[in-house]
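Chains as they are written, first to last, in my numbering: chain A, 17 to 319; chain B, 6 to 422. In this text, a Cβ means the ideal position worked out from N, Cα and C, and glycines have one as well. All values derive from a computational prediction rather than experimental measurement. Read the structure below first, then the notes.
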Amino acid sequence: MHAVEFENVSKSFSEKNILENISFSVRQGEIFGLLGPNGAGKTTLIRLLLDIIRPDSGEIRVFGDFLSPAAKNRIGYLPEERGLYKKTRLLDMLVYLAQLKGIPENQARLNAESLLKSLELDQYKNKKVEELSKGMQQKIQFISAIIHEPELLILDEPFSGLDPVNTKGVMVRIMGLRAAGKTIILSTHMMEQAQTLCDRILMLNKGRRVLYGPVDEIRKEHGKNSLIVEFAEKGNLNAIREISGIKKIIEHGKSVELFPEEGISVQLLLEELVRKANLTRFEKTFPSLNEIFIETLESVSNE
Amino acid sequence: MNSFPEKTFIVARHEFTKTIKRKEFLFMTFFFPLLFAGISILPAMLSGMNPAEDQKVGYIDLTESFEFPKSIQNEGLSIGSSETKTSVIEFVMYREISDAKQALQAGQISSYLVIPEDFLKTGTIELYSPEKEASMSNFELSSELSDIVITSLLEGKVDESTLNRVRNPVNIKFYNIGKSGESSERSIADIFASFGLPILTAFLLLFSIFSSSGFLLRGVAEEKENRIIEILLSSVTPTEILTGKILGLGAVGLLQIGIWLAAVVFGSGYALPVKIEPYTLLFALIYFVLGFLFFASMMAGIGAVTGSLQESQQVAGIFTFAAALPLIFMQLILTNPGSPFSVFLSLFPLTSPIAMLTRMGVTAVPISQILVSIFILLISVYVVILLSGRLFRTYLLMYGKRPKVKEIWKNIRTESR
Chain A
17 MHAVEFENVS
27 KSFSEKNILE
37 NISFSVRQGE
47 IFGLLGPNGA
57 GKTTLIRLLL
67 DIIRPDSGEI
77 RVFGDFLSPA
87 AKNRIGYLPE
97 ERGLYKKTRL
107 LDMLVYLAQL
117 KGIPENQARL
127 NAESLLKSLE
137 LDQYKNKKVE
147 ELSKGMQQKI
157 QFISAIIHEP
167 ELLILDEPFS
177 GLDPVNTKGV
187 MVRIMGLRAA
197 GKTIILSTHM
207 MEQAQTLCDR
217 ILMLNKGRRV
227 LYGPVDEIRK
237 EHGKNSLIVE
247 FAEKGNLNAI
257 REISGIKKII
267 EHGKSVELFP
277 EEGISVQLLL
287 EELVRKANLT
297 RFEKTFPSLN
307 EIFIETLESV
317 SNE
Chain B
6 MNSFPEKTFI
16 VARHEFTKTI
26 KRKEFLFMTF
36 FFPLLFAGIS
46 ILPAMLSGMN
56 PAEDQKVGYI
66 DLTESFEFPK
76 SIQNEGLSIG
86 SSETKTSVIE
96 FVMYREISDA
106 KQALQAGQIS
116 SYLVIPEDFL
126 KTGTIELYSP
136 EKEASMSNFE
146 LSSELSDIVI
156 TSLLEGKVDE
166 STLNRVRNPV
176 NIKFYNIGKS
186 GESSERSIAD
196 IFASFGLPIL
206 TAFLLLFSIF
216 SSSGFLLRGV
226 AEEKENRIIE
236 ILLSSVTPTE
246 ILTGKILGLG
256 AVGLLQIGIW
266 LAAVVFGSGY
276 ALPVKIEPYT
286 LLFALIYFVL
296 GFLFFASMMA
306 GIGAVTGSLQ
316 ESQQVAGIFT
326 FAAALPLIFM
336 QLILTNPGSP
346 FSVFLSLFPL
356 TSPIAMLTRM
366 GVTAVPISQI
376 LVSIFILLIS
386 VYVVILLSGR
396 LFRTYLLMYG
406 KRPKVKEIWK
416 NIRTESR
């Protein structure tokens, strides 16, 4: 059973298409990346998933069924637009939000206390949100998304506004949740984090699906089949130019990118290179998600 | 929708406890009775506290025909207290004006009267008192004087009962004729209970409706401004939020009314004897509930559509002003409760709770009009809840520019959820 399934889902607002015919599925227990530039329709897709808004056409299933109020309780949500009650005591607010997810008051209180403790925030539990620092508020926001121990967690730009230390902390927590068997949908335009964390991705642009699949496969598909090499002496470059079977050489400052001809094996090329030059680096390229992202957006906009 | 009532209840309870802890609520709820007490009890206390002082009054009777008593007990007007304040006026006779003047200057008397020889022709009595001392006591003295003059002029010439009638010519009693023709006496307290109380209740209702629907508006606008609304909507439906808020704040309003009524009843035990008619209370309750539902759902819709607290309060102000029209035209409703304008105000849903209760206070409103007014209000409540529910679902997550009225109307009609 898939955690989430979208089948030909479309949504428009005042005659503007926000999502067009989107289909994808999220497997249980995976980290699923929802990528795309601003305005691609990521937040609309999440709101559709959560039944906050309804699609114009298409079908959405969560845990194999149409989203019921009971199923809503199994989902945690960290919205991109962060929001907390500013004047309510921290503990009271967390208990209220957990209760709205169907957790009984006593259990909600226990969960809130233990999460606050684990994030070293328990001394602030009787403070109001507005008295906390930005960083602490981010943590509270995260707690509010997981306080009811959801099976499916939707994180909309969880890294925005975080410093590198906190970014790392959130990444570790996300990986911990996957290890505990939770399904996570991660909407972001931080490609580095997405590449590290995500098992599979869906990339949207202007409401359309432009990429969809496992991260590894997508990177393989977009591989340019080139090699990056570096060598100790400048003069080695001329020697390399003499090697047959290389159709193109691009210099990137210190390193050089080689494009072998069709049918030339990387193994043979390496042997040749070792013979002709004093190699310090030899690497088969594999485009980053970031490069694929930019490349895909450019190719789409050129169409 | 199996979790519907439970989550609605959680929202309602949260709204209730959050609101009763608000400083504004505490201020409104507890300051208002004090204000009321101030308005009603203070003047009574002041007049009770300021009875005429005991005084010695000299007199020179140049007609030599009046008999002054040695002293009279003067019962002071006293509203604020059940005790009657009395003061004593002592009369001292002088033969010569100069003697009286000397006594006044020496402080032996506080003033003196001269009854001129031509008093019977002119009816004029001269009262002399030191500078800046003309006070309440002089007014009281004048009413006592007419009594003395009447008695002296008529004593022995007419019989005792005629004398009493002349001293106190009429004594009006007020009666009501009921539906079946029975009559009942109306005391001042009755008049206040049937006249003042509904108006007071109308005021209380208006304040409570305004304050609790104002809290609702604030709550929605703040949640929208805070963006926490998105988290709420991922857990509960807009209908559950709306219903929960209305129930929670309705309970706040009832609590507030309860406190105020208790304060009025308790406070008026001192100031004015008040009887609360069950009939009036019943309609007050009906109008409160319907009026609150009407305003609260309207405020929820406004809060959902507008982008910020400030903006929402500006828009809400227009409707609040309309609702306050009966207060502006209170004089008109009170003096002419049956005029077409008064009837219109008591039927129009924005103004009917206050206007109708006010009319009911001063006149016997035909039951058919009351029922029509309640019916119109009921229909309006239904329509407004429906519209606000739609606005709530459509606009809660739309930020930025406030939509135009035309767009809102289009969305209300096409909204498919």
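Asked                                                                                                                                                                               : Found
Which stretch, first to last residue, makes up the alpha helix (DSSP H) that contains His19(B)?                                                                                     : Phe9 to Ile25
Can you tell me where the beta strand (DSSP E) with Pro53(A) in it begins and where it stops?                                                                                       : Pro53(A) -> no beta strand (DSSP E), and no H or E assigned at all.
Are the beta-carbon atoms belonging to Ala19(A) and Thr199(A) less than 8 Å from one another?                                                                                       : yes
Between which two residues does the alpha helix (DSSP H) harbouring Ser84(A) extend?                                                                                                : Counting along the chain, Ser84(A) falls outside any alpha helix (DSSP H), and DSSP gives it neither H nor E.
Excluding the five sequence neighbours on either side, which residues of its own chain have a C-beta within less than 8 Å of the C-beta of Ile262(B), listed in chain order?        : Leu209, Leu210, Ser213 and Phe293
Out of curiosity, what's the CA-to-CA distance linking Ile170(A) and Phe29(A)?                                                                                                      : 23 Å
Quick check on Ile76(A): does DSSP put it in helix, strand or coil?                                                                                                                 : strand
In terms of residues, what are the limits of the beta strand (DSSP E) holding Asn221(A)?                                                                                            : Arg216 to Asn221
Does the ligand FAD have even one heavy atom less than 7 Å from the beta-carbon of Asp81(A)?                                                                                        : No copy of the ligand FAD occurs in the structure displayed, which carries no ligand at all.
By DSSP, does Ser83(B) sit in helix, in strand, or in coil?                                                                                                                         : Residue placement at Ser83(B) cannot be trusted, given a pLDDT of 41 that sits under 50; what the coordinates show is reported in the next sentence. Of the three classes helix, strand and coil, the one that applies to Ser83(B) here is coil, per DSSP.
By alpha-carbon positions, which one of Asp72(A), Leu50(A) and Glu167(A) ends up nearest to Glu31(A)?                                                                               : Asp72(A)
Against chain A, which members of the segment 239 to 254 of chain B pass a CB distance test of less than 8 Å?                                                                       : Ser239, Ser240, Val241 and Thr242
If you draw a straight line from the C-alpha of Arg100(B) to the C-alpha of Leu150(B), how long is it?                                                                              : 19 Å
Can you find the residues in the same chain that come closer than 8 Å, C-beta to C-beta, to Lys141(A), ignoring five residues on each side of it along the sequence?                : Arg105, Leu106, Leu107, Ala128, Glu129 and Leu132
Can you look up Glu267(A) in the DSSP assignment and give me helix, strand or coil?                                                                                                 : strand
If you drop the 5 nearest sequence neighbours on each side, which residues of the same chain put their C-beta closer than 8 Å to that of Val171(B)?                                 : Ile155, Leu159 and Val163
When you compare the segment 109 to 116 of chain A with the segment 53 to 65 of chain A, are there three or more beta-carbon pairs, one atom per stretch, that lie closer than 8 Å? : no
With distances taken between CB atoms, is the gap from Leu376(B) to Ala360(B) smaller than 8 Å?                                                                                     : no
In chain A, what lies closer than 7 Å to Lys12(B) by C-beta?                                                                                                                        : Leu116
Rounded to whole angstroms, what's the CA-CA distance from Thr183(A) to Met152(A)? Just pull it up for me.                                                                          : 13 Å
In chain B, what lies closer than 8 Å to Leu66(A) by C-beta?                                                                                                                        : Leu238 and Ser239
By Cβ distance, which residues of its chain are closer than 6 Å to Leu337(B), with the 5 residues on each side in sequence left out?                                                : none
For Met56(A), count neighbouring Cβ atoms within 10 angstroms of its own Cβ and tell me buried if that reaches 16, exposed if not.                                                  : One detail in the question is off: residue 56(A) reads as Ala in this sequence, not Met. Ala56(A) is buried by the Cβ-count criterion.
Exposed or buried, Thr356(B), counting other C-beta atoms within 10 Å across all chains shown (16 or more means buried)?                                                            : buried
Taking any Cβ of chain B, which residues in the segment 156 to 167 of chain A have a Cβ under 7 Å from it, in chain order?                                                          : Ser160
Taking the beta carbon of Ile34(A) as the centre, do at least 16 other beta carbons fall within 10 Å, making it buried, or is it exposed?                                           : buried
Quick one: Cα of Phe297(B) to Cα of Pro10(B), how far?                                                                                                                              : 21 Å
Which chain A residues are close to Glu29(B), counting only those with a beta carbon under 8 Å from its beta carbon?                                                                : Within 8 Å Cβ-Cβ: nothing; Glu29(B) doesn't reach chain A, min ~12 Å.
Does the distance from the C-beta atom of Ile156(A) to that of Leu148(A) stay below 8 Å?                                                                                            : yes
Would you mind telling me which residues of chain A sit closer than 8 Å to Asn231(B), beta carbon to beta carbon, in chain order?                                                   : Gly99, Leu100, Tyr101 and Lys102
I'd like to confirm the pairing. Which residues does DSSP put opposite Leu286(B) in its beta bridges?                                                                               : Leu286(B) pairs with nothing; no bridge assigned.
Would Lys32(A) count as contacting chain B if we go by Cβ distances under 8 Å?                                                                                                      : no
Please decide whether Glu20(B) counts as near chain A, where near means a Cβ-Cβ distance under 8 Å.                                                                                 : no
Which residues in chain B sit within 7 Å of Tyr112(A), going by Cβ to Cβ distance?                                                                                                  : His19
Using a C-beta cutoff of 8 Å, does Ile76(A) count as contacting chain B?                                                                                                            : no
Examine the Cβ distances between the segment 249 to 262 of chain B and the segment 89 to 106 of chain A and report whether three or more of them are shorter than 8 Å.              : no
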